Amino acid sequence: MKAFAATRRGRPKRVVANDNGPDARGRDLGTPEAQLKRAFLAQGADPVASAHPLDLLLARGFIDAAMHRAGFRYAGLYRQIIGRTEVSYGRLYDGLSGDGRSSGDAGEVADLADRQRSFRQAQMRLRAEGPVVAGLTERLSVFGVWPDRLRQKVTLSHRELDLLRRGLARLAQAQVRGNAHAVNDNGPDDDRLRGAR
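Residue 7 in the working numbering sits at position 12 of the sequence shown, with consecutive numbering throughout.
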């Protein structure tokens, strides 16, 4: 009689991608072209930081953490109030039977009004810096669009960088809070803004 086999029958298991494991060979790093593009944009920084322009500017030391957070908070409020920046059909499925989501409470309406007020105040403070600063800051933080000159070379000109810092400093000064949805107006004498002018 034949003894039982010590191995399992069937197709052998392959090594699966595990991002948490110490073995980096299983990770999918993308195509070689995508890897080269990320490495080119990062220019010595972590290539993972090239996912969004604000991440890359923070990784390269052009902006500080407060400006980085303020840009993402403004972008989050923009998406909640104005709408998504990409096409999504999820709203077509809202309200279908079995969805499980609530159709709107009085608390949600009050929260939405608070978010709208916070967004409008932050937008007003950003636009007070001028249309060039507001446009550059909004295009970069909300839509993730680099300035045109950055497409040819990966360094910002000093003028564009100063304008972007002014806009992000204004948003950081407004302290747009994603959770509390409140804007803290410290006034024009804030120390962070003095350094950005």
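By construction, the Cβ of each residue, glycine as well, lies at the ideal position given by its N, Cα and C atoms.
A quick note: this is a predicted structure, and the numbers were derived from the prediction, not measured.
DSSP places Gln168 inside the alpha helix (DSSP H), whose first and last residues are 153 to 169. With a contact defined as Cβ atoms closer than 8 Å, Ala70 and Ser136 qualify at about 5 Å. Leaving aside the five residues that flank Arg165 on each side, the residues in its chain whose CB is nearer than 6 Å to its CB run, in chain order, Arg120, Leu121, Glu124. In the three-state reduction of the DSSP assignment, Gly56 falls in the coil class, being assigned neither a helical nor a strand state.
Taking C-beta atoms under 8 Å as the contact rule, Ala167 and Ala61 qualify, at a distance of about 4 Å.
Residue environment for Ile77: exposed (fewer than 16 other C-beta atoms within 10 angstroms of its C-beta). Bounds of the alpha helix (DSSP H) holding Gly130 are 126 to 136.
Comparing alpha carbon positions, the residue from Val104, Arg74, Pro48 closest to Leu159 is Pro48. DSSP places Ala37 in the helix class (H, G or I) of the three-state scheme.
Taking all protein chains in view, the Cβ of Arg115 is surrounded by fewer than 16 other Cβ atoms within 10 Å, so the residue is classified as exposed. Taking the CA atoms as reference points, Leu52 sits about 17 Å from Gly130. By the beta-carbon neighbour count (other beta carbons within 10 angstroms, threshold 16), Ala105 is exposed. About 6 Å separates the beta carbon of Ala65 from that of Leu163, a gap short enough to meet the 8 Å contact definition. In the three-state reduction of the DSSP assignment, Gly78 falls in the coil class, being assigned neither a helical nor a strand state. Residue state for Val140 is assigned as coil, using DSSP reduced to three classes. In the three-state reduction of the DSSP assignment, Arg3 falls in the coil class, being assigned neither a helical nor a strand state.
The three-state secondary structure of Ala123, taken from DSSP, is coil. Burial is judged here by how many other beta carbons sit within 10 angstroms of a residue's own beta carbon; Leu31 has fewer than 16 and is exposed.
Its chain contains Arg33, Ala34 as the residues whose beta carbon lies nearer than 6 Å to that of Pro42, once the 5 sequence neighbours on both sides are disregarded; these appear in chain order.
Going by C-alpha positions, Ala54 is about 7 Å away from Ala44.
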